[in-house]
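These notes are about the structure you will find just below.
Residue numbers (mature numbering (1 follows the signal peptide of the UniProt record, and there is no 0)): -20 to -1, 1 to 404.
Next comes the structure, spelled out in structure tokens:
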């Protein structure tokens, strides 16, 4: 018998095997167990050894209960079974003849079988439990089989079954997400000859998408790259898609098959979005609101009067567009930088209660966004001359002028108020 088959069969008899001759016997049968249990269907050889030196020694093997000449006689030291059958069970004798003297030894051969266990998992059907069944078959002869069922290293069931009954172990398993993919292991062991077989299978249960998570890069600033990622638990692994709620998807944002979104942000991207996780068991959605920080932009100064006269009230309001709203406004009077002491400053307002000649000049409003971005605009306040009768002498003129001021002149006189801005 080769070493591979010996290893297979050894699980049944090796615990009882012993080497050498016992009680002074001159014949040794290998394997040395008696009785000998051998697995059905294996290729197996009995070997008869005579320990005394004897030229011309003769060996004869035969099955004691058989009348078949082919099965009762083997004229060598080995008796080989190419495919062990149940009918091969019985008492086998080896006769050794040496110098007219005959020695005999015998061994009782038993055939057994134990099939590889079958593991089945019931359908989930939306429940949080699953039935795991370990079924044992091809058991010969009748007897007892010990069955152990494991999940990973954890023992779930340990039962001894009678072959005259139903040869299955059923365990109801409470499903936990962390157990997904762990090995279910079923070990079947004959109690009469210590032979075992086993089967393993990954725990595989279906689960609707859950625990949807969205990660968004921060901060969300106009002109910066955004990265959004959505993930979900579930089995099979959910497909991820993105949608913008109640509005078309913006063209500057790209949706990718791996569940991510990228693109350069614009203020128009603010709004409500949702991540959709979908698999064969169901669907799950999670919304997220994007608020893109932008500005300041479109900054201007609004004047309460279009024609300024002596001792009249002048109220300047600095208006800008931004998100979040600008909280810091800085007023200056150029070129002196300092606003006259009798001028009131209050956030976006600059108030001159009684306009005088010394109030004339260029007023700057600087808006400071929380992102650190700033924008400046200018207003040229000029007192109306008493002799001028008609025409609008002071009116704002919008314009974007970088690093300079623009003053309009008509007919040698002042053309009115100037409004300009410098972007930083």
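Using N, Cα and C, we set each Cβ at its ideal position, and we do this for glycine too.
Report the rounded CA-to-CA distance for residue 119 versus residue 164, giving the unit in angstroms.
The straight-line gap from Cα to Cα measures roughly 22 angstroms.
Got a sec? Which residues, its chain only, sit under 7 angstroms from residue 365 by beta carbon, not counting five neighbours each side?
none
Report the three-state DSSP secondary structure of residue 364 (helix, strand or coil).
coil
Taking only the alpha-carbon atoms, compute the straight-line gap between residue 66 and residue 32 and give it to the nearest angstrom.
Across the structure, residue 66 and residue 32 are spaced so that their CA atoms are roughly 35 angstroms apart.
7 angstroms Cβ shell around residue 126 - same chain, five flanking residues per side excluded:
140, 169 and 171
Residue of 84, 247 and 192 minimising C-alpha distance to residue 221
192
Going by C-alpha to C-alpha distance, which of 133, 203 and 239 sits closest to residue 195?
239
Identity of the residues DSSP links to residue 168 by a beta bridge
127 and 177
Go ahead and label residue 338 buried or exposed: buried means 16 or more other beta carbons lie within 10 angstroms of its beta carbon, across all protein chains shown.
exposed
Given residue 155, which residues of its chain have a CB within under 7 angstroms of its CB, disregarding the five upstream and five downstream residues?
108, 109, 110 and 185
Let me know the secondary structure DSSP gives residue 156 once reduced to three states.
coil
Sequence-distant residues of its chain with Cβ nearer than 6 angstroms to residue 153 (five each side left out):
110 and 112
With 16 other Cβ atoms within 10 Å as the buried cut-off, status of residue 207:
By the 10 Å Cβ count, residue 207 comes out exposed.
In whole angstroms, what separates the C-alpha of residue 59 from that of residue 9?
11 angstroms
Bridge partners for residue 341 per DSSP, in chain order?
361
Nearest residue (CA-CA) to residue 68, options 19, 80 and 138:
19
Check residue 405 in the structure and name its three-state DSSP category.
A question about residue 405 goes unanswered here, because the residues of the chain that appear run from -20 up to 404.
8 angstroms CB neighbourhood of residue 189 in its chain, flanking five on each side removed:
212, 213, 214, 218, 257, 258, 259, 261, 262, 263 and 264
Work out the CA separation of residue 236 and residue 63 for me, nearest whole Å.
60 angstroms
Thinking C-beta only, is residue 296 closer than 7 angstroms to residue 288?
Cβ atoms of residue 288 and residue 296: not closer than 7 angstroms.
Following the continuous beta strand (DSSP E) through residue 309, name the residue where it begins and the one where it ends.
308 to 314
In angstroms with no decimal places, state the Cα-to-Cα distance between residue 405 and residue 161.
No information on residue 405 is available, as it lies outside the stretch -20 to 404 that the chain covers here.
Taking only the alpha-carbon atoms, compute the straight-line gap between residue 329 and residue 298 and give it to the nearest angstrom.
Rounded to whole angstroms, the separation of the alpha carbons of residue 298 and residue 329 is 6 angstroms.
What separation, rounded to the nearest whole angstrom, lies between the Cα atoms of residue 84 and residue 71?
13 angstroms
With 16 other CB atoms within 10 Å as the buried threshold, where does residue 355 fall?
buried
Distance between residue 335 and residue 341 (C-alpha atoms, nearest Å):
12 angstroms
Buried or exposed for residue 96, please, with buried defined as at least 16 other CB atoms from any protein chain shown within 10 angstroms of its CB.
exposed
Applying the 10 Å Cβ sphere with the 16-neighbour rule, what's the burial state of residue 276?
Classification of residue 276: buried, given that the 10 Å Cβ count is 16 or more.
CB residue 74 to CB residue 41, shorter than 7 angstroms?
With a cutoff of 7 angstroms on beta-carbon distance, residue 74 and residue 41 are scored as near each other.
Figure out for me which residue from 266, 173, 202 and 28 has the closest Cα to the Cα of residue 37.
Ranking the options by Cα distance to residue 37, first place goes to 28.
To the nearest angstrom, how far is the alpha carbon of residue 409 from that of residue 91?
For the chain, the structure presents residues -20 to 404; residue 409 sits outside this window and is missing.
Going by other Cβ atoms of all chains shown within 10 Å of its Cβ, with 16 needed for buried, is residue 360 buried or exposed?
buried
Proximity below 7 angstroms, CB of residue 269 to CB of residue 252
yes
Looking only at DSSP bridge pairs, what is residue 243 linked to?
According to DSSP, residue 243 bridges with 206 and 233.
Comparing C-alpha positions only, which one of 157, 17 and 134 sits nearest to residue 88?
17
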